[in-house]
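See structure below.
Residue numbers (our numbering): 59 to 360.
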């Protein structure tokens, strides 16, 4: 099937699961197709999954059978809620893929500045593997300074965007907040191979568990909430973003000492992760120093 037909078949099955019914009008209004085409699509789904759907003549719409079983598109709560958020961002909840959108509210976030010209020139530098001279305000300096960096990627910590880049001044890889770059002054060719950013190119496994200070009932609730297996849940993350992760989730060192109600989940393997990150950072710095001594990495001075 062509993509647009495939999408309409998914739409039919999705509506049947979440709403238990679908009409030709649902298809025509959402996709802007004709009534004959909507009829054809519904007949196509009837052929694909005849045990899932029947036509209710009195209601004049198609209804899911009692034994409805998703044929090709398994339902996903995560996908439903993601689509709901997107419909709010687009301000078109009337065209919610899964059916009539329920009333909901998402906590707003403060807008973080990223100048379009800065982002454009930064992306060019990433694509061309160029070094750029930036005007940057760090939190450790009272005044903004000029810095040469060679960016290779963009990162998002859940709240703001940054670029992962080789810092010519510090001679290591650092994250630069895009909102703190006030200008890109110039660019130059650079010869660094970003494969040596080992923190970026290696992942670590984070393991969380319910706070053992909680009673058995709340612990079971936390296990279910986080889809834990055997009392634990794991997630893989780039080593370079680990400290953002634990900050955002309140898992910084010492968090396990807090009361169970205040700290519902704990990071189980912090002692394993920290040495790995330090090793990756050290390996990267050593390799950079070696390549600089060999003349294989150019260093630009402000």
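Backbone N, C-alpha and C define an ideal beta-carbon position, used for all residues, glycine too.
First and last residue of the uninterrupted alpha helix (DSSP H) at residue 279: Taking the first residue of the chain shown as 1, we reach residue 279 at position 221. The continuous alpha helix (DSSP H) containing residue 279 extends over residues 274 to 283.
Under the rule that 16 or more other beta-carbon atoms within 10 Å means buried, what is residue 181, buried or exposed? One-based indexing of the chain shown puts residue 181 at position 123. Its Cβ having fewer than 16 others within 10 Å, residue 181 is exposed.
Inspect the CB distances between the region 211 to 221 and the region 159 to 174 and report whether three or more fall short of 8 Å. The answer is yes - the region 159 to 174 touches the region 211 to 221, with three or more Cβ pairs under 8 Å.
What is the DSSP secondary structure of residue 340, counted as helix, strand or coil? In the chain shown, the residue the question calls residue 340 occupies position 282. In the three-state reduction of the DSSP assignment, residue 340 falls in the helix class, which pools H, G and I.
Compare the beta carbon distance of residue 213 and residue 205 with 8 Å and say whether it is the shorter of the two. Here residue 213 refers to the residue found at position 155 of the chain shown. Here residue 205 refers to the residue found at position 147 of the chain shown. The Cβ atoms of residue 213 and residue 205 do not sit closer than 8 Å to each other.
8 Å Cβ shell around residue 290 - same chain, five flanking residues per side excluded: Taking the first residue of the chain shown as 1, we reach residue 290 at position 232. If you ignore the 5 residues before and after residue 290, its C-beta comes within less than 8 Å of the C-beta of 265, 266, 267, 326, all in its own chain and listed in chain order.
Cβ shell of residue 254 (< 7 Å), same chain only, five flanking positions each side left out: The sequence position of residue 254 within the chain shown is 196, counting from 1. Around residue 254: 342, 345, 346.
Under DSSP, the beta strand (DSSP E) around residue 296 begins and ends at which residues? The sequence position of residue 296 within the chain shown is 238, counting from 1. Its beta strand (DSSP E) spans residues 291 to 296.
Pull up the CB-CB distance for residue 192 and residue 250, whole angstroms please, since I reckon it's below 8 Å. Taking the chain shown and counting its residues from 1, the one referred to as residue 192 is at position 134. Taking the chain shown and counting its residues from 1, the one referred to as residue 250 is at position 192. So it is not a contact: roughly 16 Å between Cβ atoms.
Give the range of the beta strand (DSSP E) segment to which residue 233 is assigned. By 1-based counting over the chain shown, the position of residue 233 is 175. Unbroken beta strand (DSSP E) run through residue 233: 230 to 235.
Leaving out the 5 sequence neighbours to the left and right, which residues in its chain are closer than 8 Å to residue 350 when beta-carbon positions are compared? Taking the first residue of the chain shown as position 1, residue 350 is located at position 292. Cβ neighbours of residue 350 within its own chain (closer than 8 Å, five residues either side excluded): 229, 357.
Under a three-way DSSP split, which group does residue 250 fall into? As a working note, residue 250 is residue 192 in the chain shown. DSSP, reduced to helix, strand and coil, places residue 250 outside both helices and strands of the structure shown, so it counts as coil.
Between which two residues does the beta strand (DSSP E) holding residue 205 run? Translated into positions along the chain shown, residue 205 becomes position 147. For residue 205, the uninterrupted beta strand (DSSP E) segment begins and ends at 203 to 214.
Alpha carbon to alpha carbon, how far is residue 90 from residue 62? To locate residue 90, count along the chain shown from 1; it is residue 32. To locate residue 62, count along the chain shown from 1; it is residue 4. So the two alpha carbons sit approximately 12 Å from each other.
Is DSSP giving residue 163 helix, strand or coil here? Mapped onto the chain shown, residue 163 falls at position 105. In the three-state reduction of the DSSP assignment, residue 163 falls in the coil class.
Is it the case that the Cβ atoms of residue 120 and residue 131 are separated by a distance below 8 Å? Here residue 120 is taken as the residue at index 62 of the chain shown, counted from 1. Here residue 131 is taken as the residue at index 73 of the chain shown, counted from 1. Residue 131 sits away from residue 120, with the two beta carbons spaced by 8 Å or more.
Using 10 angstroms around the beta-carbon of residue 163, count the other beta-carbons present and answer buried if the total reaches 16, otherwise exposed. Counting from one through the chain shown, the residue named residue 163 turns up at place 105. The residue is exposed, with fewer than 16 neighbouring Cβ atoms inside 10 Å.
Buried or exposed for residue 87, going by 16 or more other Cβ atoms inside 10 Å? Indexing the chain shown from 1 puts residue 87 at position 29. Exposed, by the Cβ-count rule.
Would you check if the region 275 to 283 and the region 232 to 239 touch, i.e. whether three or more CB-CB distances between them fall below 8 Å? Output reads no: the region 275 to 283 does not touch the region 232 to 239.
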